[in-house]
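Worksheet: the structure to be examined is printed underneath.
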Amino acid sequence: MSRGLLGIEDLSRDQIEQILARARDFQPLQNQSNKRLDLLRGRLIVNLFFESSTRTRTSFEIAAKRLGADSISITASGSSVSKGESLVDTLNTLAAMKPDAIVMRHAASGAPHFLSRHLPTPIINAGDGTHEHPTQALLDALTILDYRGGLAGLRVAIIGDIVHSRVARSNIYLLSKFGVDVVLCGPAPLLPPQMAQLAPGVRLTHNMPEAIRDADVIMMLRVQLERQNESPFPASEYYPFYGLRVQHLELAKPEVLVMHPGPINRGREIASDVADSRQSVILNQVENGIAVRMAVLERIIQ
Ligand code: NCD
Numbered sequence: 042m043s044r045g046l047l048g049i050e051d052l053s054r055d056q057i058e059q060i061l062a063r064a065r066d067f068q069p070l071q072n073q074s075n076k077r078l079d080l081l082r083g084r085l086i087v088n089l090f091f092e093s094s095t096r097t098r099t100s101f102e103i104a105a106k107r108l109g110a111d112s113i114s115i116t117a118s119g120s121s122v123s124k125g126e127s128l129v130d131t132l133n134t135l136a137a138m139k140p141d142a143i144v145m146r147h148a149a150s151g152a153p154h155f156l157s158r159h160l161p162t163p164i165i166n167a168g169d170g171t172h173e174h175p176t177q178a179l180l181d182a183l184t185i186l187d188y189r190g191g192l193a194g195l196r197v198a199i200i201g202d203i204v205h206s207r208v209a210r211s212n213i214y215l216l217s218k219f220g221v222d223v224v225l226c227g228p229a230p231l232l233p234p235q236m237a238q239l240a241p242g243v244r245l246t247h248n249m250p251e252a253i254r255d256a257d258v259i260m261m262l263r264v265q266l267e268r269q270n271e272s273p274f275p276a277s278e279y280y281p282f283y284g285l286r287v288q289h290l291e292l293a294k295p296e297v298l299v300m301h302p303g304p305i306n307r308g309r310e311i312a313s314d315v316a317d318s319r320q321s322v323i324l325n326q327v328e329n330g331i332a333v334r335m336a337v338l339e340r341i342i343q
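The sequence shown runs contiguously to residue 343 in my numbering.
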């Protein structure tokens with residue numbers, strides 16, 4: 042098993058705290074005119090994305106550059122994967138070019154875990170199917186800490202298409218390790234009862250006002266139509282019951298934080314005025330993505 046970052050589930054509280062502490066060192070860099078450090082000078086990072094991405098891919102690329110590393114990005118459509126090459130062959134080909142880490146996103150849950158058993162190169166999971174998206178949960182935790190100072194005792198409502206969400210799973214693992222009261226909310230087909238077993242103390246409700254009442258943080262999720270192979274949940278029925286609107290915010294704590302990993306679908310899972318409200322920290326999450334990914338790259342490569 043190579044060193045890498047495959048998920049939050051296997052990390053200890055200490056390891057998570059170390060990554061977040063290091064990310065905090067990197068946060069001020071974003072506002073300096075010279076944003077570049079030389080900590081990973083001469084190192085090579087390959088980003089291999091088999092699924093679409095705006096934030097995560099750009100953020101990993103910028104993080105690598107800010108550390109002084111070289112990075113290249115490959116998308117599946119422009120690679121030999123479209124010529125029938127197997128995943129293991131593609132990864133072995135890239136590993137033969139001696140990168141120091143491979144950042145990968147794949148539609149199959151467990152793909153990076155499988156590959157990490159066959160490759161000498163450390164793999165960083167940038168999202169595997171419906172399973173985990175560890176750097177997203179880390180940047181979400183950093184964002185909450187920026188505003189609240191600590192995690193223990195907070196109430197976080199995660200709302201939407203939970204069953205298909207790797208963001209939800211990684212956040213559930215992380216938040217429950219730190220004593221957060223996690224409430225999951227969504228329509229029954231997108232929130233099956235077994236989701237409560239992901240971590241101790243996780244609660245489920247299908248009632249949105251109940252989930253939001255007294256919440257410190259509301260994390261909204263996109264409806265992942267690309268993963269709903271069965272019959273997709275009807276859009277017209279979703280928003281009235283599970284779309285976050287201004288009136289919902291009054292049920293939460295006064296300084297509630299509204300989060301969303303993006304891409305947001307305005308008027309689908311979140312009202313436009315809520316996404317742009319002063320409670321919304323959606324762009325702070327994006328900003329923190331760079332500092333967190335710098336901390337992860339440095340930790341894995343050095
Ligand atoms: C998420 C993802 O790809 O899992 N986006 C992201 O990385 N910020 C969530 C989503 O696609 O809805």
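For glycine and all other residues, C-beta sits at the position ideal for the given N, C-alpha and C.
Best match in the options for proximity to residue i [C-alpha to C-alpha]
i: G45; options: I323, L160, V287 and I115; result: L160
i: L285; options: E251, A110 and P233; result: E251
i: V358; options: S112, A237, L89 and R98; result: For residue 358 there is no data in the structure shown, the boundaries of the chain being 42 and 343.
i: L298; options: Q320, Q288, V287 and A312; result: Q320
i: S127; options: R254, P140, F91 and A240; result: F91
i: G168; options: V144, Y188, L183 and G191; result: V144
i: Y188; options: S53, I113, P233 and V258; result: V258
i: A280; options: A312, K106, V224 and E291; result: The sequence shown places Tyr at residue 280, not Ala. Out of A312, K106, V224 and E291, A312 has the C-alpha closest to the C-alpha of Y280.
i: F219; options: R334, L292, L186 and Q238; result: L186
i: R334; options: A104, L266 and T95; result: A104
i: N235; options: L52, A256, R210 and I253; result: The sequence as given places Gln at residue 235; Asn does not occur at that position. Minimum Cα distance to Q235 is reached at R210.
i: Q343; options: N72, Q73 and T162; result: T162
Own chain, CB closer than 6 Å to residue i, minus 5 neighbours either side, in chain order
i: P302; result: Q177 and V208
i: S206; result: L262
i: A137; result: none
i: L2; result: Nothing about residue 2 can be reported from this structure: the residues present for the chain run from 42 to 343 only.
Residues near residue i by beta carbon distance below 7 Å, same chain, minus five either side
i: A336; result: I60, R63, A64 and F67
Cβ-based burial, residue i [other Cβ within 10 Å; buried from 16]
i: S93; result: exposed
i: T134; result: exposed
i: D130; result: exposed
i: A332; result: buried
i: N166; result: buried
i: L81; result: buried
i: Q326; result: buried
i: V287; result: exposed
i: G404; result: Nothing can be reported for residue 404, as the shown portion of the chain is limited to 42 through 343.
i: R54; result: exposed
i: E296; result: exposed
Delimiting residues of the beta strand (DSSP E) encompassing residue i
i: I57; result: Careful: I57 lies outside any beta strand (DSSP E), inside the alpha helix (DSSP H) at R54 to F67.
i: S313; result: Where S313 is concerned, there is no enclosing beta strand (DSSP E), although the alpha helix (DSSP H) it sits in stretches over S313 to A316.
i: H147; result: A142 to H147
i: L85; result: L85 to F90
i: S94; result: Unbroken run through S94: none, as it is neither H nor E.
i: R307; result: Looking at the DSSP string, R307 is not in any beta strand (DSSP E), and its letter there is neither H nor E.
C-alpha gap between residue i and residue j, whole angstroms
i: R268; j: S150; result: 12 Å
i: N329; j: I49; result: 17 Å
i: L18; j: G109; result: Shown here, the chain extends from 42 to 343; a query on residue 18 therefore has no answer.
i: G170; j: H154; result: 12 Å
i: V243; j: V224; result: 6 Å
i: R107; j: E310; result: 34 Å
i: P140; j: G83; result: 10 Å
i: T97; j: P175; result: 11 Å
i: A142; j: L324; result: 27 Å
Close-in-space but distant-in-sequence residues of the same chain around residue i (CB under 8 Å, 5 per side omitted)
i: M42; result: Residue placement at M42 cannot be trusted, given a pLDDT of 41 that sits under 50; what the coordinates show is reported in the next sentence. Within the same chain, M42 has close Cβ partners S157 and R158.
i: P233; result: V204
i: F282; result: P228 and M249
Where the alpha helix (DSSP H) through residue i begins and ends
i: V327; result: I323 to I342
i: D255; result: Element bounds for D255: n/a, residue is neither H nor E.
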